[in-house]
Amino acid sequence: MGRIRSALPWGMMVLFGALFCVAWWIEDCLIYSVDWGQFSVVRLAREILQSLGSGIHFAGHLIWAGIAGASNLIVQGFDALPAEVRETLPMRLVAWTAGSMAATFGGDAAVAFGLGARWVTGKLAMALIALNGAGWLYNILRRMFRYTRLAVQRPIRFYSEREEREEAEAAAPAAPARPPVASGTKRARRREYLQFFDSHVNTIGIILPGGGARGAYQAGALKAIYEFLQTYNALNKVRMIAGTSIGAWNAMFWLAGMIDQQGMDGPSLEHWWKSLSFARLLDFPWFYIPFWSDSILRAAPWRESFPELFRKRIDHLFGEDPDIHFYFTRCDVTRAVNEYATNWKGIGQRVDDLGLDKDDSYRFFDVIEADNDALARTADAVFSSMNVPPLFPSARIDGNPYEDGSLTESVPLRFASPVEECDLLFVLPNGGTSERTPGQHSIVKRMLRMMDARQQALGHMALKNADLINRISETIERIQFGINALAPSVPADGLAAEALEGLHEEIAEFNQQNRRLYIFTIAPSGKLELGNFDFWKRREAQNAFDLMYVQTRRELQVRFFEDIEPEDARVVMVDGLVPAGDELPKPHYRRPAQL
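Numbering of the sequence shown is given in the numbering used here, commencing with residue 1 and proceeding in unit increments.
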């Protein structure tokens, strides 16, 4: 029953219905209780509308009279035909159609139709005004509650932050994180992990695809990865994070150092997802016409919370040589290409050095530098990547319209290699389907299923390409080993020497643009607790976060090496539905080629 009750945001729908009734009542009061004739502007508008209505009435009268006259002529002509002609089926059908049209568009029927059309038009106009009025009332109430909450929380936050600073100054510096003490197999595995991160990994990248409200799964896995890297002193090796759509939003918490709750003076990633309030994320357009406006909602609440969450927490990202580079992708719908925003000033030179300056996937970018607009431009980059149609309107940056980055690229793997030369990647897709039944008789469900399938297909293709590059790299390594073994027997001059030199150049060029990657991929699978737009399901978001956190933590502790082996990498598929008991089902594993 809990799942049925949460299938729709009933609370918001009831609230909006009540606001619609209030707006209609206010509209009625304004129409019948105010003498609008005393306002010259209203009188002018009324005269214009009356003139327009008279013109429409005259034009309609001409059309109706013409149709009725033509129909009457057809009927009179039919009566003048010989009896044997009138009895034929085609002629009787023509006469019946003409008589029906004459009765419909002539006399009292046309007048009644016009009066009915005017009444329906008036009610539709009132409903449209009441619909917008309900949105205005909601927006005003949301802002009132928001400013009231901020006014109440500000002094509380001020004193709590001061107490925390005083406690931090009095406390001794914390010791660096170390692996917990264990024995036997676990101790050996942890020793292997330490050696792996010390000797095999120099650069770690994190890839966060989109998925709307399913980002709760991604957030739980992200926290587990943070704790895993913290345990083995590898957090400082995370040099790149790429996100699209909700992945860009989750990435901001990592960039701002807001993953771990300990010692924080603000909300963490877990706190944000578990205290998710759909009402605080919802804002209506100030003018909305069904099937005409380009969006249902606005991203204003998200934008308002962005500086509250991240101001002064991301200043370190915009120096000359930031510790971590971010890439937020978005789709330029005018040119049908993917662009991205980054904080790395050297990206242009890096793209030129790699010979990718002609590749549309790399050459369209926006560098955010340390200035007064860094926070605002970062917000623009995040929300242009999150701009899901038809939920939010098109984002515009420098006059160009942008849509959700997942439209053309679900998993932004292209920055890991060759741009950042990562050795280890953590990829956190948001797969699965939220539907229990196919929903073949609902156009909305059909469209949602199509969007899910398309996003999964793009993600699977990216993972397959990465696996293919690993396999090709392995083959190139074997070829290079054979060439090096045969090189001493090749004469210094001649055709064989030239061929050998050409092979070395080709291998060097391939290795410059491609490299073997250790890739850890974990994703929810099957039927999920959440759909793309299910931001009102707070309980399901909490369950999704905890489920993915526990499963990811266990997987990293037990099967990390088996999952990332380039020769036989596996994608960890976690059942997305939270079981009723405490026992979690074991994940199942697929090779990328099996996706």
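Every residue, glycine too, gets a C-beta built ideally from N, C-alpha and C. From a predicted model like this one, the values you see are computed outputs, not experimental measurements.
Spatial distance of residue i from residue j (CA atoms)
i: Phe392; j: Pro285; result: 10 Å
i: Thr231; j: Tyr193; result: 10 Å
i: Ile296; j: Arg280; result: 16 Å
i: Thr148; j: Ala219; result: 29 Å
i: Gly37; j: Ala45; result: 10 Å
i: Tyr518; j: Leu15; result: 50 Å
i: Gly247; j: Gln456; result: 15 Å
i: Tyr589; j: Ala569; result: 9 Å
i: Ile129; j: Asp35; result: 19 Å
i: Tyr340; j: Phe328; result: 5 Å
i: Leu62; j: Gly122; result: 23 Å
i: Asn338; j: Gly399; result: 16 Å
i: Glu562; j: Pro524; result: 19 Å
i: Ala381; j: Phe364; result: 13 Å
i: Leu577; j: Leu584; result: 10 Å
i: Leu354; j: Ile507; result: 15 Å
i: Glu369; j: Ala151; result: 32 Å
i: Leu276; j: Ala544; result: 13 Å
i: Pro90; j: Gly53; result: 40 Å
i: Ala117; j: Pro82; result: 41 Å
i: His460; j: Arg591; result: 11 Å
i: Ile74; j: Ala95; result: 7 Å
i: Ala416; j: Ala242; result: 9 Å
i: Ala171; j: Leu356; result: With a pLDDT of 48 at Ala171, under the threshold of 50, the modelled position of this residue cannot be trusted, and the question is left open.
Coil, strand or helix - residue i by DSSP
i: Ala256; result: coil
i: Ser293; result: coil
i: Ala487; result: helix
i: Lys445; result: helix
i: Leu577; result: coil
i: Leu609; result: Lying before the first or after the last residue shown, residue 609 is absent from the chain, which here runs from 1 to 595.
i: Tyr217; result: helix
i: His588; result: strand
i: Arg471; result: helix
i: Arg191; result: helix
i: Val75; result: helix
i: Arg570; result: coil
i: Ala182; result: Because Ala182 carries a pLDDT of 49, less than 50, the predicted location of this residue cannot be relied on, and the following value inherits that uncertainty. Looking at Ala182 - three-state DSSP - the assignment turns out to be coil, as it is neither helix nor strand.
i: Leu354; result: coil
i: Ala242; result: strand
i: Gly482; result: helix
i: Gly205; result: strand
i: His200; result: coil
i: Val34; result: coil
Pick from the options that is closest to residue i, judged by C-alpha positions
i: Asp546; options: Gly215, Gly55 and Pro82; result: Gly215
i: Phe253; options: Gln456, Thr97, Phe287 and Phe326; result: Phe326
i: Glu320; options: Ile241, Ser275, Asn236 and Gly346; result: Gly346
i: Asn511; options: Glu421, Val572 and Asp283; result: Glu421
i: Met12; options: Gln50, Phe39, Ala134 and Leu93; result: Ala134
i: Leu503; options: Arg538, Arg515 and Ala487; result: Ala487
i: Leu556; options: Glu27, Arg92, Leu222 and Leu49; result: Leu222
i: Val411; options: Ala541, Arg454, Pro90 and Asp373; result: Arg454
i: Met386; options: Asn250, Lys274, Asp452 and Leu375; result: Asn250
i: Leu458; options: Ile479, Arg335 and Ser406; result: Ser406
i: Arg92; options: Thr104, Gln76 and Phe105; result: Gln76
Cβ-based burial, residue i [other Cβ within 10 Å; buried from 16]
i: Asn484; result: exposed
i: Ile324; result: buried
i: Val388; result: buried
i: Gly494; result: exposed
i: Leu595; result: buried
i: Tyr402; result: buried
i: Pro176; result: Low confidence applies here, because Pro176 scores a pLDDT of 43, under 50, leaving its location unreliable; read the following figure in that light. With fewer than 16 Cβ atoms within 10 Å of its Cβ, Pro176 is classed as exposed.
i: Leu599; result: It is not possible to answer for residue 599, since the shown part of the chain is limited to 1 through 595.
i: Met144; result: exposed
i: Ser71; result: buried
i: Gln349; result: exposed
i: Arg43; result: exposed
i: Asp452; result: buried
i: Ala541; result: buried
i: Cys331; result: buried
i: Asn202; result: exposed
i: Pro173; result: The pLDDT assigned to Pro173 is 45, lower than 50, so where the model puts this residue is not dependable; a value taken from the coordinates is nonetheless given after this. When all chains shown are included, Pro173 counts as exposed.
Chain B contact for residue i (CB, 8 Å cutoff)
i: Ile296; result: The chain inventory of the structure shown lacks chain B, comprising one protein chain alone.
Sequence ranges, alpha helix (DSSP H) only - wholly within the stretch 357-434, length at least 4: 360-363 and 374-385
Contained beta strand (DSSP E) runs [length at least 3] in the stretch 286-348, N- to C-terminal order: 325-332 and 337-342
Completely contained alpha helix (DSSP H) runs for the stretch 505-567, where each covers 4 or more residues: 538-564
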